[in-house]
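Residue numbers (this note's numbering), protein chains in the order written: chain A, 2 to 142; chain B, 2 to 142. Heads up, the beta-carbon is just placed ideally off N, CA and C, and yes, glycines get one too.
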DNA sequence: ATGGGGGTTCCCATGATGGGAAGGTCAAGG
DNA sequence: CCTTGACCTTCCCATCATGGGAACCCCCAT
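Put into structure tokens, the structure is as follows:
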């Protein structure tokens, strides 16, 4: 039996987060020593590592809860797990796409900017809503 | 002169956010009518649109503040603006990379999961820290 | 018994946004 | 003139996941 600090080190989840997960019901309340210290055994540490890995894969806490429930349910269908994972892949794809659009727009602007000591700057012109003078207009035709 | 609702519609920034930007000092305090309503002219709306576009490009509020300062400074060097934009591109790249790694890991797991009615699931096995039996182990040799 | 390194709870902050309550204001129409 | 509905004001709370820190208690080794 380990205390919360040891469990944190063993699982890679900070003590702060362990308490938070418990408070929000993601994980069941840990046992307590007579003086109120939380205690963790190997099984609890495994749960924490599970949570850690799922979070590392970008699952929001709520989905981690769903995954934990499936993990505990020996009657589960692997299809349910797969669905969750595919949903997460889609969520990631959406965010990746959004960020790549931002990046592309920025690269376009950066490309048009001289980046020297002069004040003229198509980046600011664009942000300010100006038409960017003569530099590849948005309505290309 | 428009009130905050009209300015919100004209700029694409919600009234709530306009007040927040003012409160945090990102934009200067708006003028007020005798009865306390905030008033906005075309110039103020342009500032709001500037903020909106910069946020759409993923700049955090702090950097938006920097951009606004450069925008207002007619002595600026475009190199300074470009540096900010390039920094933002890097920030985006980092986050994109992280998410693509998550996505790749998930795809790997999803690929290995039958996704049927049976409970056996390499996804859960992996999250639980098991070695995934005989299915392309992590230490491939 | 004392000191240092834990543990415990509770509150606050982040970043950017939305929701909502309580109360004042404005404009249009009866 | 008064009502009504849409709008404004401020203030508080919630999100999501995480960290910081205060105040206090506990355990072990010296």
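8 Å contact criterion, which residue i and residue j should meet: CB distance rounded
i, j, result
"residue 110 (chain A)", "residue 86 (chain B)", "6 Å"
"residue 8 (chain A)", "residue 38 (chain A)", "Not confirmed; about 11 Å, so no contact."
"residue 19 (chain A)", "residue 58 (chain A)", "Contact flag wrong, Cβ pair sits at about 19 Å."
DSSP three-state assignment for residue i, whether helix, strand or coil
i, result
"residue 139 (chain A)", "Legend: pLDDT at residue 139 (chain A) = 43, less than 50; position of this residue unreliable, no value from coordinates given."
"residue 99 (chain A)", "helix"
"residue 12 (chain A)", "helix"
"residue 2 (chain B)", "coil"
"residue 130 (chain B)", "coil"
"residue 22 (chain A)", "helix"
"residue 75 (chain A)", "coil"
"residue 88 (chain A)", "helix"
"residue 37 (chain A)", "coil"
"residue 59 (chain A)", "coil"
"residue 32 (chain B)", "strand"
Chain-ordered chain B contacts of residue i [CB-CB under 7 Å]
i, result
"residue 82 (chain A)", "114, 122, 124, 125"
"residue 129 (chain A)", "47, 51, 72"
Where residue i meets chain B, residues with beta-carbon distance less than 8 Å
i, result
"residue 97 (chain A)", "97, 100, 101, 104"
"residue 90 (chain A)", "104, 107, 108, 111"
Proximity of residue i and residue j at Cβ, strictly below 8 Å
i, j, result
"residue 113 (chain A)", "residue 79 (chain B)", "no"
"residue 93 (chain A)", "residue 104 (chain B)", "yes"
"residue 101 (chain B)", "residue 28 (chain A)", "no"
"residue 12 (chain A)", "residue 75 (chain A)", "no"
"residue 128 (chain B)", "residue 89 (chain A)", "no"
"residue 55 (chain A)", "residue 46 (chain A)", "no"
"residue 125 (chain B)", "residue 82 (chain A)", "yes"
"residue 31 (chain B)", "residue 23 (chain B)", "yes"
"residue 120 (chain A)", "residue 77 (chain B)", "yes"
Interface partners of residue i on chain A, CB under 7 Å
i, result
"residue 45 (chain B)", "In chain order: nothing, as chain A lies at least about 13 Å away."
Residue i: contacting residues in chain A (beta-carbon distance under 8 Å)
i, result
"residue 86 (chain B)", "107, 110, 111, 114, 124"
Contacting positions in the stretch 100-123 of chain B - beta carbon closer than 7 Å to chain A: Result list: 100, 101, 103, 104, 106, 107, 108, 110, 111, 114, 115, 116, 117, 118, 119, 120, 121, 122.
Residues of the stretch 5-24 of chain A whose Cβ lies closer than 8 Å to any Cβ of chain B, in chain order: For the stretch 5-24 of chain A, which is checked against every Cβ of chain B, not one residue is closer than 8 Å.
Selection of the stretch 56-72 of chain A by Cβ proximity to chain B, strictly under 8 Å: If the cut-off is 8 Å between Cβ atoms, the stretch 56-72 of chain A has 57, 58, 59, 68, 71, 72 near chain B.
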